[in-house]
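Have a look at the structure below before the remarks.
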Amino acid sequence: MRIGIITGVEEEAAAFLPGEGTERRVGPYNFRLLNHAGHDIAIACCGVGKVNAALAGTLMMQEHQADILMIIGTAGKLSDKVGDCFRITEALQGDFGAHRPTGFTHYTAGSWPIGPAEVEAFTAFALPDIGLPVARIITGDSFVECPDHSLRLRNALEGDLVDMETGALAQVAALYDVPWAAIKATTDDANGESVGDFQTNLLLAARRAAQAAEQSIRLL
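Count along the sequence shown from 1, then add 20; that gives the number in the working numbering.
This is the structure we're talking about:
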């Protein structure tokens, strides 16, 4: 299987099978190419945000001919779900919709944000069960440091985690009609302490997600 993996920051990419593979420049990114458990893998740090994730996912399809797109790394925690590393089952884009006098109305990413509101999540490929708890992730182009906004995302979209890339990669996968998967480890609680917590916990969380991804891929 050909697997294309992206991350938002360099530490997340470096934590996956560290030191292995060879690099190839593809557009604005360095793809690290390696084989793991018989699978041809390209991994690249795309940078934070939905545009970066979408571009990297597209290049993974065009240049690596990926059979599956995957994102690994870190996320903030919205819900009280137990665990610090999660297999993502669904992704939504929490900033796609319409601003109205009554507030923000969410819509399915890529749909027309007018008329009756419908929100449909992107469903992830079911990776092999390695004992990880499952979670729904909400993606948006902002780092969440506000407990009130965290509560809105949790209540309106039933989100467990929040990040800035997964929902965009899931949309790219849907457009290409290929499966996608994600493993995310938590660094913070998406509140006023998020910046300090993220910086403190980044390396440990990145390695936790990478190890889970390595184990899951071995079982594919």
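Quick reminder that beta carbons are idealized off the backbone N, C-alpha and C, glycines included.
Here M21 is exposed: its Cβ has fewer than 16 other Cβ atoms, across all protein chains shown, within 10 Å.
With fewer than 16 other Cβ atoms from the protein chains shown falling within 10 Å of its own Cβ, G135 counts as exposed.
If you ignore the 5 residues before and after G24, its C-beta comes within less than 6 Å of the C-beta of A62, M80, H84, A86 and L89, all in its own chain and listed in chain order. DSSP lists A111 as the bridge partner or partners of F142. Restricting attention to beta strand (DSSP E) runs no shorter than 3 residues, the stretch 130-183 encloses them at 154-159 and 181-183, ordered along the chain. Of the residues assessed, E43 falls on the exposed side of the cut-off, its CB having fewer than 16 other CB atoms within 10 angstroms. The distance from the Cβ of T206 to that of A188 is about 20 Å, inconsistent with a contact at the 8 Å cut-off. Shown here, G24 sits in a strand according to DSSP, grouped into three states. Around N50, the same chain offers E43 as residues with beta carbons nearer than 6 Å, after the five sequence neighbours per side are excluded. Taking a contact as a CB-CB distance under 8 Å, the pair L177 and V139 counts as one, their CB atoms being some 7 Å apart. By a beta-carbon distance limit of 8 Å, D161 does not contact S99. Their separation comes to about 21 Å. Of the candidates G103, L222 and I203, the residue whose Cα lies closest to the Cα of A144 is I203.
R120 sits exposed, since fewer than 16 C-beta atoms from the chains shown fall within 10 Å of its C-beta. For L54, the uninterrupted beta strand (DSSP E) run begins and ends at Y49 to H56, by DSSP.
Counting of Cβ neighbours within 10 angstroms places V102 among the exposed residues, the total staying below 16. At least 9 Å separates the beta-carbon of L240 from that of P153. If you check the CB distance, A193 and G77 come in under 9 Å.
The shortest C-alpha to C-alpha distance from L54 to any of P48, A33 and N175 is the one to A33. A74 is positioned such that its CB atom lies no closer than 9 Å to that of T186.
If you look at L189, you'll find it in the alpha helix (DSSP H) that goes T186 to Y196. A57 is classed as exposed because its beta carbon has fewer than 16 other beta carbons within 10 Å across all chains shown.
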